[in-house]
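Only one structure is covered here, and it is reproduced in the block below.
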Amino acid sequence: MPQRPPPPHDATELLARAEALAGHRLGDLAVWLDLDVPADLRRHKGWVGQLLELALGAESGSLAEPDFPQLGIELKSLPVDAQGRPRESTYVCTAPLEAVTRGAWEESWLARKLARVLWVPVEAEAALPLAERRIGTPLLWSPDAEEATLLRRDWEELTERICHGELAAITARFGEVLQIRPKAAHSRVLTRTVNSEGELEWVNPRGFYLRPHFTGAILRRHFDLPTA
DNA sequence: TGATGATCATTA
DNA sequence: TAATGATCATCA
253 MPQRPPPPHD ATELLARAEA LAGHRLGDLA VWLDLDVPAD LRRHKGWVGQ LLELALGAES
313 GSLAEPDFPQ LGIELKSLPV DAQGRPREST YVCTAPLEAV TRGAWEESWL ARKLARVLWV
373 PVEAEAALPL AERRIGTPLL WSPDAEEATL LRRDWEELTE RICHGELAAI TARFGEVLQI
433 RPKAAHSRVL TRTVNSEGEL EWVNPRGFYL RPHFTGAILR RHFDLPTA
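Following this line, the structure appears as structure tokens:
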């Protein structure tokens, strides 16, 4: 493998690259890419995702667009336990808090980001040193009809509440497959929203997250994994 | 033990 | 500040 591959030309090439990584350990990738493996992820929370970006040829940067803009594909690493079940929720995108108009689901930032996702499972058991964690078989996924319906339903309900200035009432308990949670370096980071009185208010930024049971169902639908 | 709310690093 | 990459830490 080249040390830092250029962007893939098409989805097939991207998937082939990801499949070539399956079974290898994070420490192997770090060597190939000439990167140091942190002792733990406490102060390097995005390290695994960025390692995969480099290994697959994604353009680095924190732009509000898919990791592979030409292909319309979003890359997501998915921390899984020994049974292949996701251990964490998956961040998708920032939740719009200020200029929220009732747009169509199809045109939403969320729907566009989730239109095509390359899921890369990565072992993530606390006892397993970072360098020894293995990369799993990747999955190039698009929502099926049922998944799209679930996502759309949650998105519409949550967006509606924000439209009504009810952000303050939204907790992570809303949403069957999708949730809104704080997304910031710390609780003092503020962004603007409009409350139910129509007044400007400063609140902690939020993001849309996929619940683990949803991403777990995606893996089970495509791979023959235990239901438990 | 799982889910929620809080937090960390980096780039533009 | 706001977007990206996420996991941490606490509590029910």
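Residue numbers for the first sequence follow the working numbering, so the first one is 253 and each next one is one higher. Positions of the beta carbon are idealized from the N, C-alpha and C atoms, including for glycine.
Subject >> P381 versus R295: straight-line alpha-carbon distance, rounded >> reply: 15 Å
Cut-off 6 Å between Cβ atoms - residues of its own chain near L391, not counting five sequence neighbours on either side
W371 and H474
I'd like to check one pair, T342 with K365: are the Cβ atoms closer than 8 Å? Cβ distance not < 8 Å, so K365 and T342 don't count as in contact.
Please classify T264: does DSSP put it in a helix, a strand, or coil? Helix at T264.
Alpha helix (DSSP H) containing W361: first to last residue?
W361 to L366
Review point. What residue from L315, F320 and R458 has the CA that sits closest to G309's CA?
Key: F320
Exercise. Across which residues does DSSP place R458 in a beta bridge pair?
Worked result: Answer by DSSP bridge pairing, in chain order: P434.
Practice item. Using the Cα positions of I289 and A282, report the straight-line distance between them to the nearest angstrom. Key: What sits at residue 289 in the sequence shown is Val, not Ile. Straight across, the Cα-Cα distance linking V289 with A282 is about 7 Å.
Query - Nearest candidate by alpha-carbon position, reference T346, set A263, L430, L267 and A268 - result: L430
Quiz item: Counting only runs that start and end within the stretch 358-430, where is the alpha helix (DSSP H) found for 4 or more residues in a row?
Solution: 361-366 and 397-415
Continuous beta strand (DSSP E) stretch holding L471: start and end
Not the beta strand (DSSP E): L471 falls in the alpha helix (DSSP H), residues P464 to H474.
Original post:
Considering only residues of the same chain and omitting the five flanking positions on each side of P259, which have a CB-CB separation below 8 Å?
Top reply: Counting only Cβ-Cβ distances below 8 Å, and skipping sequence neighbours, we find G309, A310, E311, F320 and Q322.
Subject >> Range covered by the beta strand (DSSP E) that runs through V344 >> reply: T342 to T346
Applying the 10 Å Cβ sphere with the 16-neighbour rule, what's the burial state of E271?
exposed
Between the alpha carbons of T264 and W407, how many angstroms are there, rounded? Taking the straight line from one Cα to the other gives about 30 Å.
**Asked** If you drop the 5 nearest sequence neighbours on each side, which residues of the same chain put their C-beta closer than 7 Å to that of R256?
**Response** L285 and L306
Provide the residue span of the alpha helix (DSSP H) that contains L278, from first to last. Run containing L278: L278 to W284, per the alpha helix (DSSP H) assignment.
### Task
Counting only the same chain and skipping the five closest in sequence on each side, list residues whose C-beta sits under 8 Å from that of H276.
Counting only residues of its own chain and dropping the five nearest sequence neighbours on each side, H276 has a CB closer than 8 Å to the CB of R386 and I387.
Could you tell me the boundaries of the alpha helix (DSSP H) in which L306 lies?
W299 to L308
Cβ-based neighbour list, E377, same chain, cut-off 7 Å, excluding 5 preceding and 5 following: D333 and A334
According to DSSP, simplified to helix, strand and coil, what is E451? coil
Among the residues of its own chain, which have a CB less than 7 Å from the CB of G468, if the five just before and after it don't count? For G468, where only same-chain residues beyond five positions count, the Cβ hits under 7 Å are R337 and P338.
*asked:* Mapping the DSSP letters down to three states, classify L327 as helix, strand or coil.
replied: strand
Expected contact under 8 Å - CB spacing of L315 and V300 to nearest Å:
With 8 Å as the limit, L315 and V300 do not qualify as a contact, their Cβ atoms being about 20 Å apart.
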